[in-house]
Amino acid sequence: MDQTLQKALDQLDQASAAVRLAVQNLANAPGGAEAAGDAAHALSGGAIDPFVFRFAIFVLAIFVGYYVVWSVTPALHTPLMAVTNAISSVIVVGSLLAVGISASGIATGFGFVALMLVSVNIFGGFLVTQRMLAMYKKKDK
Amino acid sequence: MNANFASFLYLVSGVLFIMALRGLSHPTTSRQGNLYGMIGMGIAIATTLALAVPSASGFGLIVLGLAIGGGVGAITARRIAMTSMPQLVAAFHSLVGLAAVMVAAAAIYAPESFGIGTNGDIHAQALIEMSLGVAIGAITFTGSVIAFLKLDGRMSGKPIMIGGRHIINAVLGVALIVLIVLLVATEAKLVFWLIVAASLLLGVLLIIPIGGADMPVVVSMLNSYSGWAAAALGFTLGNLALIITGALVGSSGAILSYIMCKGMNRSFISVILGGFGGETAAATDDGIERTVKQGSADDAAYLMMNAQKVIIVPGYGMAVAQAQHALREMADKLKANGVDVRYAIHPVAGRMPGHMNVLLAEANVPYDEVFELEDINSEFAQADVAYVIGANDVTNPSARDDKSSPIYGMPILDVDKARTCLFVKRSLGSGYAGIDNTLFYKDGTMMLLGDAKKMTEEIVKAMDH
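These protein sequence lines are chains A and B, in that order.
Under my numbering, the first sequence is numbered contiguously, ending at residue 784.
Under my numbering, the second sequence is numbered contiguously, ending at residue 466.
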């Protein structure tokens with residue numbers, strides 16, 4: 644089990660490296676992403692709803708989460724909760740849209756409240772995780 | 002910024018979040034992981050601002066919101082006591098839940114800014130995703146508030162049972178589905194707020210009947226919910242970072258809930274239905290007078306100083322008494338005397354997953370002296386002393402031996418196999434599960450009655466003699 648897990652995680656690391664490389668390439672050649680997207684769209688004949696792709700990513704991410712979280716050492720389960728809490732504040736992107744570009748005053752208000760709430764989480768979550776992790780020390784040899 | 006390029010950046014931040022969790026596989030890589038998480042969040046925010054450039058006044062509001070929230074968050078993170086970590090995490094979950102509701106509300110009032118249609122003509126698909134997000138978010142919000150109140154002691158940890166609550170919950174669940182269908186059909190704001198209200202009520206009703214000892218499951222479950230709420234809104238916004246993160250957090254919380262349930266040998270359903278830990282089990286009251294051996298701090302100090310191997314078993318009582326620093330001092334004295342000292346942690350010790358590990362780390366206990374149940378349980382047979390401080394049910398031998406016990410089948414730490422078991426406890430009452438601990442009456446057990454911190458400090462003093 645452990646070996647397969649390790650293998651899966653190695654593959655994950657490779658995949659993430661590949662993604663970073665791809666992004667670098669894209670940054671050098673603007674319009675590349677568009678071309679890639681167009682190609683995919685053309686391949687599917689434009690018949691597949693983007694929802695399907697999002698859902699595929701969602702399902703795969705659940706599996707990635709499953710394997711990654713099982714490999715978290717039980718000693719770090721509290722920091723795990725704190726950090727998952729911090730990253731779920733990425734919902735901030737929604738509040739930024741509402742505050743930044745919304746035409747409706749009500750929506751801006753809701754967005755602003757949401758923005759304040761998640762900012763507490765972003766800063767609080769990451770900093771408290773950092774504080775906890777700094778406490779885990781090895782035996783003095 | 003090009004929308005496709007922005008999607009790639011969101012993907013990058015999703016991958017960075019995965020690496021943040023991956024880092025937690027070992028304490029040495031964890032700090033780096035946390036840094037990845039922060040970078041990922043930075044990228045997500047910067048990308049959003051570059052993609053949808055805010056107006057000048059909007060930008061001002063954003064800076065203001067970030068500053069207020071960020072300031073509160075940073076101060077809280079700095080000041081919070083490590084013993085209050087379960088409450089803090091519950092409070093943070095409630096914020097994510099409420100934020101999800103607010104974002105969905107903003108989206109329904111200004112759908113154009115989110116690219117999901119126009120006012121009065123929002124895509125049906127977006128409405129379904131949004132209502133799921135808002136329902137889960139609202140349940141997370143009130144559920145976490147109740148969990149926070151219970152963990153913080155502002156509300157009794159005892160389960161509160163309302164008559165016919167299963168029926169009320171079922172009715173609310175059905176009502177939610179009907180309301181979601183109505184929202185898709187009419188897109189009325191009133192229906193949206195009815196969904197919010199029903200979900201808020203459901204969140205309260207779901208958590209109120211769950212007792213204090215089951216809080217590790219509840220906190221993990223709410224963690225999972227906050228993830229699913231984020232993912233649902235991710236679909237609405239078509240945002241990869243949100244979808245990936247929501248899935249990660251959702252499965253993470255689900256796994257933690259599973260581990261906690263397994264640690265108590267209870268099914269997830271029975272925890273959710275609640276009511277555990279209220280009644281006292283009558284089965285153990287067989288009328289036989291049983292004797293308990295009591296000891297003093299001096300006895301304990303003598304026993305441990307002359308031992309070769311001591312295993313310390315901390316529980317929630319250690320957190321309540323803030324005894325972790327005194328405990329470390331005691332362990333230092335023992336180590337200086339050549340005693341092999343280890344710590345054994347039960348998966349459900351404390352009020353959240355990993356609670357004990359954080360407290361021991363705070364007291365500067367090296368993490369390589371702290372062991373999980375399955376790694377250390379066989380060692381109790383070779384230990385001279387097991388020092389149980391603030392734990393109870395997780396050491397009860399009836400869970401292993403007595404088929405009629407309500408906690409039968411729950412994995413326990415075999416402290417009764419050590420030559421002597423020193424059991425620090427305030428009184429001879431039962432634990433949170435309301436079950437009598439047969440360990441107290443065993444020959445090898447010596448009860449040290451008193452406050453966990455005071456008793457440990459007295460033992461440290463006695464060791465100097």
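Backbone N, C-alpha and C define an ideal beta-carbon position, used for all residues, glycine too.
- Within chain A, not a single residue places a beta-carbon under 9 Å from that of Pro-407 (chain B); the smallest gap is close to 25 Å.
- Arg-352 (chain B) has no beta-bridge partner at all, per DSSP.
- Interface annotation, Ala-324 (chain B): not in contact with chain A, CB-CB separation never under 9 Å.
- The continuous stretches of beta strand (DSSP E) do not include Phe-149 (chain B), which lies in the alpha helix (DSSP H) extending over residues 125 to 152.
- For a cut-off of 8 Å, the C-beta gap from Pro-217 (chain B) to Arg-352 (chain B) is around 6 Å, short enough to register as a contact.
- Considering only beta carbons, the part of the stretch 62 to 89 of chain B lying closer than 9 Å to chain A consists of Leu-62, Ile-63, Leu-65, Gly-66, Leu-67, Ala-68, Ile-69, Gly-70, Gly-71, Gly-72, Val-73, Gly-74, Ala-75, Ile-76, Thr-77, Ala-78, Arg-79, Ile-81, Met-83, Met-86, Pro-87 and Leu-89, in chain order.
- Annotation for Tyr-303 (chain B): the continuous alpha helix (DSSP H) segment containing it runs 298 to 306.
- For the stretch 698 to 743 of chain A, the continuous alpha helix (DSSP H) assignments of 4+ residues that do not extend past its boundaries occur at 720 to 731, in sequence order.
- Within the stretch 342 to 427 of chain B, the runs of alpha helix (DSSP H) that reach at least 4 residues and sit entirely inside it are, in chain order, 356 to 363, 374 to 377 and 399 to 402.
- Here the alpha carbons of Ala-757 (chain A) and Asn-378 (chain B) stand approximately 47 Å from one another.
- In this structure, Leu-304 (chain B) sits away from Ala-345 (chain B), with a CB-CB distance that is not shorter than 9 Å.
- Across the stretch 238 to 253 of chain B, CB contacts with chain A closer than 8 Å involve Leu-238, Gly-239, Asn-240, Leu-241, Ala-242, Leu-243, Ile-244, Ile-245, Thr-246, Gly-247, Ala-248, Leu-249, Val-250, Gly-251, Ser-252 and Ser-253, in sequence order along the chain.
- Taking a beta-carbon distance threshold of 9 Å, Asp-122 (chain B) does not count as an interface residue toward chain A.
- The continuous alpha helix (DSSP H) containing Leu-203 (chain B) extends over residues 190 to 208.
- The C-alpha of Ala-189 (chain B) lies about 9 Å from the C-alpha of Ile-109 (chain B).
- What Ile-46 (chain B) touches in chain A, judged by beta-carbon distance under 9 Å, is Val-733, Val-735, Val-736, Leu-739 and Ile-765, going in chain order.
- Distance between Ser-56 (chain B) and Gly-754 (chain A), taken at the CA atoms: about 14 Å.
- By the C-beta density criterion, Arg-80 (chain B) is exposed, having fewer than 16 other C-beta atoms within 10 angstroms.
- Here DSSP, grouped into helix, strand and coil, assigns Thr-119 (chain B) to strand.
- For Asn-365 (chain B), the chain A residues whose C-beta falls within less than 8 Å of its own C-beta are Met-778 and Lys-780, listed in chain order.
- Annotation for Leu-758 (chain A): the continuous alpha helix (DSSP H) segment containing it runs 748 to 776.
- Closest option to Met-447 (chain B), judged by alpha-carbon separation, among B:Ile-408, B:Asn-307 and B:Ala-301: B:Ala-301.
- Residue state for Leu-25 (chain B) is assigned as coil, using DSSP reduced to three classes.
- By the criterion of a C-beta distance shorter than 6 Å, Cys-422 (chain B) is surrounded in its chain by Ala-387, Val-416, Gly-445 and Thr-446, once the five residues flanking it on both sides are discounted.
- If the five residues before and after Gly-743 (chain A) are omitted, its C-beta is found closer than 6 Å to no C-beta atom of its own chain.
- Rounded to whole angstroms, Asn-365 (chain B) and Ala-725 (chain A) show a C-alpha spacing of 20 Å.
- Spanning the alpha carbons of Ala-111 (chain B) and Met-411 (chain B) requires a straight line of approximately 52 Å.
- Within the same chain, Cβ atoms closer than 6 Å to the Cβ of Val-771 (chain A) are found at Ala-725, the five residues on either side in sequence being excluded.
- When Cβ-Cβ separations below 9 Å define contact, Arg-23 (chain B) makes contact with chain A.
- When the Cα atoms are used, Ile-140 (chain B) and Leu-203 (chain B) turn out to be separated by approximately 6 Å.
- In this structure, Leu-17 (chain B) sits away from Ile-46 (chain B), with a CB-CB distance that is not shorter than 9 Å.
- Per DSSP, the unbroken beta strand (DSSP E) holding Pro-315 (chain B) starts and ends at 310 to 315.
- One thing to note: Ala-392 (chain B) has its Cβ within 9 Å of the Cβ of Gly-316 (chain B).
- Under DSSP, Thr-446 (chain B) takes part in a beta bridge, and its partners are B:Cys-422.
- Under DSSP, the beta-bridge partners assigned to Gln-295 (chain B) are B:Met-448.
- With fewer than 16 other Cβ atoms inside 10 Å of its own Cβ, Gln-654 (chain A) counts as exposed.
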